[in-house]
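Participant: The numbering used here puts the sequence shown at residues 35 to 282. Idealized CB from N, CA, C, for every residue including glycine. Take this structure, written in structure tokens, and hold onto it; I'll ask about it next.
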Amino acid sequence: MMREEKIDQSVKNIRTNLELVNKRIVEAAEKAGRDPDEVKLIAVTKMMPVEVINAAIEVGIRRFGENYAEQAAEKIDIVGKGVDIEWHMIGHIQSRKAETVSRYFDMVHSLDRIKIARYLDRYAKEQNRVMPVLIEVNVSGEASKYGWDASDESSWPKLADQFRQICAYQNIEVRGLMTMPPLFDDPEDSRPVYRKLRRLQQFLKEVVSESDWKELSIGTSFDYPVAVEEGATMVRIGTEIFGSRPAV
Ligand SMILES: *Cc1c(COP(=O)(O)O)cnc(C)c1O
């Protein structure tokens, strides 16, 4: 295929896929008695070229999720920050990339340790801004996952103390929680993980009043209808919209 045709094709595919995803979000929200407008779609474009991002913008997508700070920065420089386009950092952040994250992103979902909170706060201050963040927790206890270990409920008061410290930083603003469930075969298996996350959210609402803990960033292509039923306010979807990612 010629390059032009290929891009046309991908605009068409993205539009069709997006319509289906939106439909499933609405259905899941209605099933749970929620307002579908409470759920924001973050289109995950990690490993995807700028052409794909531009095609997504063409079909109306405005919120993008990226995992790798440096690669994202290169793409954002080309695509442009755009007044109505939001860039969400959803991947593990290395200390030395914190400044790039702070300069390029509108929100961080993957705040997974105190040190990064300190860095993001410092750089946001230098840039005269406040960075909205979500705290990443690991509720399943799976060893390979990033984030604060929240698998043992008896540890939640201690976690709350640490999260209170994060809330005290002036130039980051804690908006809620993010988690990645283990890789399951059945999306239904994510449900207990998300229910536990919601219990943690409820707990934090009661004991850490410095944040409203409103946002829950849960759900990927694999399980987003379940996540929406269980209270997601943000779903992070790549494959279902863009197809499988190019191999590294
Ligand atoms: C890649 C990624 C996603 C999207 O995954 P898909 O299966 O492509 O929808 C969501 N969240 C995080 C943290 C990711 O790294």
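1) Using a threshold of 8 Å, is the CB atom of Phe197 nearer than that to any non-hydrogen atom of ligand 1?
2) Name the one or two DSSP bridge partners that Leu211 has.
3) Measure the beta-carbon distance from Ile271 to Leu54 and round it to whole angstroms, keeping in mind my assumption that it falls under 8 Å.
4) Quick one: Cα of Gly99 to Cα of Glu120, how far?
5) Cutting at 6 Å between CB atoms, please list the residues of its own chain near Met212, excluding the five before and the five after it.
6) Could you have a look at Val86 and say whether DSSP puts it in helix, strand or coil?
7) Tell me whether Val142 sits in a helix, a strand or coil according to DSSP, three-state version.
8) Contact between the segment 261 to 270 and the segment 70 to 84: three or more CB pairs below 8 Å?
9) Using 9 Å as the threshold, is the C-beta distance between Gln196 and Ile275 below it?
10) For Glu264, count the other beta carbons within 10 Å of its own beta carbon; 16 or more makes it buried, fewer makes it exposed. Which is it?
Facilitator: Looking at the atomic coordinates:
1) Against the sequence shown, residue 197 aligns to sequence position 163. No, the Cβ of Phe197 stays beyond 8 Å of every heavy atom of ligand 1.
2) Taking the first residue of the sequence shown as position 1, residue 211 is located at position 177. Its beta-bridge partners are Ile169, Leu250.
3) Looking up residue 271 in the sequence shown gives position 237. Looking up residue 54 in the sequence shown gives position 20. The pair is not a contact, with the Cβ atoms about 11 Å apart (cut-off 8 Å).
4) Looking up residue 99 in the sequence shown gives position 65. Looking up residue 120 in the sequence shown gives position 86. Taking the straight line joining both Cα atoms gives about 9 Å.
5) Taking the sequence shown and counting its residues from 1, one reaches residue 212 at position 178. Closer than 6 Å at Cβ, skipping near neighbours: His143, Leu168, Glu170, Ser251.
6) As a working mapping, residue 86 is identified with position 52 in the sequence shown. DSSP places Val86 in helix when its eight states are reduced to three.
7) Locating residue 142 in the sequence shown gives position 108, where the first residue counts as 1. Three-state result, Val142: strand.
8) yes
9) Here residue 196 is taken as the residue at index 162 of the sequence shown, counted from 1. Here residue 275 is taken as the residue at index 241 of the sequence shown, counted from 1. It is not a contact, given that the beta carbons lie outside the stated cut-off.
10) Along the sequence shown, one-based indexing puts residue 264 at 230. That one is buried.
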